[in-house]
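Reading through the structure tokens given below for one structure.
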Amino acid sequence: MSRNSLQFLRPCLNRRFQPVAKPEHARIYRSIQRRFAQTASSDALTGPHDVEKQKRLDQLRKMRPLNDYHPRLVHTAGVEALSVRNFQAKYDDIQETKTDLVSVFGRVRSVRLLGSKLMFLDIERDGQRLQAMIEVKKLMPGDTTLEESFKSFKKVIRNGDWVSVKGNPTKTSTGQLSVLATDIPQILAPCLHHLPEKVESAETLARRPHIHQLTNEEPAEILRLRALIYDYIRGSFRQDGFLEVETPIFDVGAGGAIARPFETVANELSNMPVRLRIAPELNLKRLVVGGQDRIFEIGRVFRNEGVDNTHNPEFSICEFYEVGATLPSLIERTEKLIQGLHTAIEALRSTHFPSLVQPTDISFESPFAQLPFIPTIEKASGRKLPDLASANAVTDVLAMFEDLDLLIPPNATLPRLLDALAEEYIEPLCKNPTFITQHPEALSPLSKSYVDENTGQRVASRVELFINSREYVNAYEEENSPFEQRRKFMQQMDFHAEGEGAIDESYLEALEWGMPPTGGWGCGLDRFVMLFANKKRIADVLPFGTLRNVVSIAKKK
Numbered sequence: 018m019s020r021n022s023l024q025f026l027r028p029c030l031n032r033r034f035q036p037v038a039k040p041e042h043a044r045i046y047r048s049i050q051r052r053f054a055q056t057a058s059s060d061a062l063t064g065p066h067d068v069e070k071q072k073r074l075d076q077l078r079k080m081r082p083l084n085d086y087h088p089r090l091v092h093t094a095g096v097e098a099l100s101v102r103n104f105q106a107k108y109d110d111i112q113e114t115k116t117d118l119v120s121v122f123g124r125v126r127s128v129r130l131l132g133s134k135l136m137f138l139d140i141e142r143d144g145q146r147l148q149a150m151i152e153v154k155k156l157m158p159g160d161t162t163l164e165e166s167f168k169s170f171k172k173v174i175r176n177g178d179w180v181s182v183k184g185n186p187t188k189t190s191t192g193q194l195s196v197l198a199t200d201i202p203q204i205l206a207p208c209l210h211h212l213p214e215k216v217e218s219a220e221t222l223a224r225r226p227h228i229h230q231l232t233n234e235e236p237a238e239i240l241r242l243r244a245l246i247y248d249y250i251r252g253s254f255r256q257d258g259f260l261e262v263e264t265p266i267f268d269v270g271a272g273g274a275i276a277r278p279f280e281t282v283a284n285e286l287s288n289m290p291v292r293l294r295i296a297p298e299l300n301l302k303r304l305v306v307g308g309q310d311r312i313f314e315i316g317r318v319f320r321n322e323g324v325d326n327t328h329n330p331e332f333s334i335c336e337f338y339e340v341g342a343t344l345p346s347l348i349e350r351t352e353k354l355i356q357g358l359h360t361a362i363e364a365l366r367s368t369h370f371p372s373l374v375q376p377t378d379i380s381f382e383s384p385f386a387q388l389p390f391i392p393t394i395e396k397a398s399g400r401k402l403p404d405l406a407s408a409n410a411v412t413d414v415l416a417m418f419e420d421l422d423l424l425i426p427p428n429a430t431l432p433r434l435l436d437a438l439a440e441e442y443i444e445p446l447c448k449n450p451t452f453i454t455q456h457p458e459a460l461s462p463l464s465k466s467y468v469d470e471n472t473g474q475r476v477a478s479r480v481e482l483f484i485n486s487r488e489y490v491n492a493y494e495e496e497n498s499p500f501e502q503r504r505k506f507m508q509q510m511d512f513h514a515e516g517e518g519a520i521d522e523s524y525l526e527a528l529e530w531g532m533p534p535t536g537g538w539g540c541g542l543d544r545f546v547m548l549f550a551n552k553k554r555i556a557d558v559l560p561f562g563t564l565r566n567v568v569s570i571a572k573k574k
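Structure below.
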């Protein structure tokens, strides 16, 4: 077969065959090109923008240069500057227009036109709304261009703009408190995008948390709830004589808990590797050794592990250490704190968090239930746990898993197997606040331990508080013997042979100076916010979501 007879198979290789675009295809292609060029356009002053933003910019430019739309906030002599909240508090009882001259500013939430010479704006600041009336005939006399200025203002004002209104306090015929403008309102910061009533797109909410807050009351209420929880816990400890302290976030070690840390380097220290703390525990106990009697810390910790509904690599915790505290006193303090926190939140829910649903199916009455770790598993499973201190403990527990047809966790160390048993047989029993007690020693390397006379097993002087099958508090009598602590550190290294850390010799050296009998306590604050906001996902109570959300915010939209 000749070469010429095969040219139709690859016409692009033959100059005699030229592609021909149909007119309708060409029009569609050019339209797509123009649309892409519009959405990807940008300039040095305004940055990248889409068609909608371009229209908004053109609209604003018709009135004045763009740089004039963000003036300094200047208070005029003889005009009292008030927040919306303070304006409402001061003038709520008036019955007629006052001669007081005031200024208020806020974000426009509603624009309503009544004819050509009357406009109503609803402005909002700090969750409070106020109506502003702009009526041409009531504006300051002497300006012959008022009507034109009013028309121009009507054309550019939109929901989302920040405006300042100067005028007189008044009540409308329907009794609504308002500010009657004496000047054309001043735009302080225009919104360059359309402000939607509601955003349903999970991707948009994840990448633009500020839009979520602008279109939903819930994020602000969760922020207020979080602040109340922090304030209440902080106030409770201070009232009981605790000293609030801060410990380093950067350290050579990681801090005490069993977790994988984030690692970085300190350039100023010859590129020495350092870690973000996974817990403040060891440094707080160093302060106890140094003579502090009652201390607590509220702060951030970091664990380079998974992201799921209840875990985020960066989260907030509270820990306290009290010399002389024992398990009974730790339990009593925990019950008092949780009950008081619940009471304080419910007293303010209707006024401060009205959109957050109350967790009605949980009882916070004391005393909280207690479930001993080993007896509860043995009763629920119908099997007796082997001697957990023996050399064959892992093999024997694995046989128990096989017998019960349970899923064996990956890298099945003794602590992981015991955690899996607790998740299967104990945690589902913890709907109302419940203390899990007498954990096997292998699960608690920093806790004192003893032989339980009922089971004959070595158990920790430890309690965990679970609510709705989720852990909230971990507390124990601290191991203060440097010899026992070294043994338990070595035991943990055997459990985690994959190299999850080394013995912290500096901490053991601190114990050698003598640490008194001490009770330690820690809680995850984000989980308390989840509990009282009735949320199932930690992302819903973090203002910028989980680590995945934070990373996506910086990605190209």
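Per our numbering, residue 18 is the first one in the sequence shown, and the count goes up by one each step. Just so it is clear, CB atoms sit at the ideal spot from N, CA and C, and this is done for glycine as well.
Residue ranges of uninterrupted beta strand (DSSP E) with 3 or more members are absent from the segment 396-445; none lies entirely inside it. A Cβ-Cβ separation of about 5 Å places Leu373 in contact with Glu238 under the 8 Å criterion.
Under DSSP, Pro457 takes part in a beta bridge, and its partners are Val476. Going by C-alpha positions, Phe385 is about 8 Å away from Asn449. For the options Arg565, Ser569, Val568 and Leu559, the alpha carbon positioned closest to that of Pro236 is the one of Leu559. Around Pro376, the same chain offers Asn551 as residues with beta carbons nearer than 6 Å, after the five sequence neighbours per side are excluded. Separation of the CB atoms of Glu495 and Gly531 is rounded to 13 Å, and the pair is thereby denied contact status at 8 Å. DSSP, read as helix, strand or coil, puts Phe370 in coil.
Contact between the segment 500-508 and the segment 287-304 is absent: fewer than 3 CB-CB pairs across the two stretches fall below 8 Å.
Exposure of Gln387 is indicated by the presence of fewer than 16 other C-beta atoms within 10 angstroms of its C-beta.
Runs of the alpha helix (DSSP H) spanning 4 or more residues and lying entirely within the segment 529-560 occur at 542-550, in chain order. Fewer than three pairs of CB atoms, one per stretch, sit closer than 8 Å, so the segment 75-88 makes no contact with the segment 193-201. Taking a contact as a CB-CB distance under 8 Å, the pair Phe122 and Trp179 counts as one, their CB atoms being some 7 Å apart. Closest in alpha carbon position to Gly399, among Ala408, Tyr442, Pro427 and Ile379, is Tyr442. Under the DSSP definition of a beta bridge, Asn491 partners with Glu481 and Gly539. Per DSSP, Asp67 lies in no alpha helix (DSSP H) and is assigned neither H nor E.
Residue range Val119 to Leu130 is occupied by the beta strand (DSSP E) that includes Arg129. In the DSSP assignment, the residues bridged to Lys183 are Ser120. Within the DSSP secondary-structure output, Asp139 pairs in a beta bridge with Ser127 and Gln148.
Of the other Cβ atoms in all chains shown, fewer than 16 fall within 10 Å of the Cβ of Thr191; this residue is therefore exposed. The alpha helix (DSSP H) runs lying completely inside the segment 307-392 and spanning 4 residues or more are 344-369, given in chain order. Taking a contact as a CB-CB distance under 8 Å, the pair Leu423 and Leu405 does not count as one, their CB atoms being some 17 Å apart.
With fewer than 16 neighbouring CB atoms inside 10 Å of its own CB, Arg255 falls in the exposed class.
By a beta-carbon distance limit of 8 Å, Pro499 does not contact Glu522. Their separation comes to about 10 Å. Ile228 and Val480 have their C-alpha atoms some 42 Å from each other. DSSP places Thr232 inside the alpha helix (DSSP H), whose first and last residues are Pro226 to Thr232. Within the DSSP bridge table, the entry for Ala283 names Met289 as partners.
Within the same chain, Cβ atoms closer than 6 Å to the Cβ of Arg224 are found at Ser569 and Ile570, the five residues on either side in sequence being excluded.
About 5 Å separates the CB atoms of Ala98 and Ser120; that is less than 8 Å, so the two are in contact. With contacts defined by Cβ atoms closer than 8 Å, Ile295 and Val269 do not form a contacting pair.
According to DSSP, Glu261 shares a beta bridge with Phe313. Relative to the Cα of Phe561, the nearest Cα in the group Gln230, Leu131 and Lys155 belongs to Gln230. For Ile204, the enclosing beta strand (DSSP E) starts and ends at Gln203 to Ala206. Within the same chain, Glu69, Lys70, Arg73 and Gly177 come within 8 Å of His210 by CB-CB distance, once the 5 residues on both sides are set aside. For Glu97, the three-state secondary structure derived from DSSP is strand.
Scanning Asn326, Thr412, Glu419 and Cys335 for the CA closest to the CA of Gly316 turns up Cys335.
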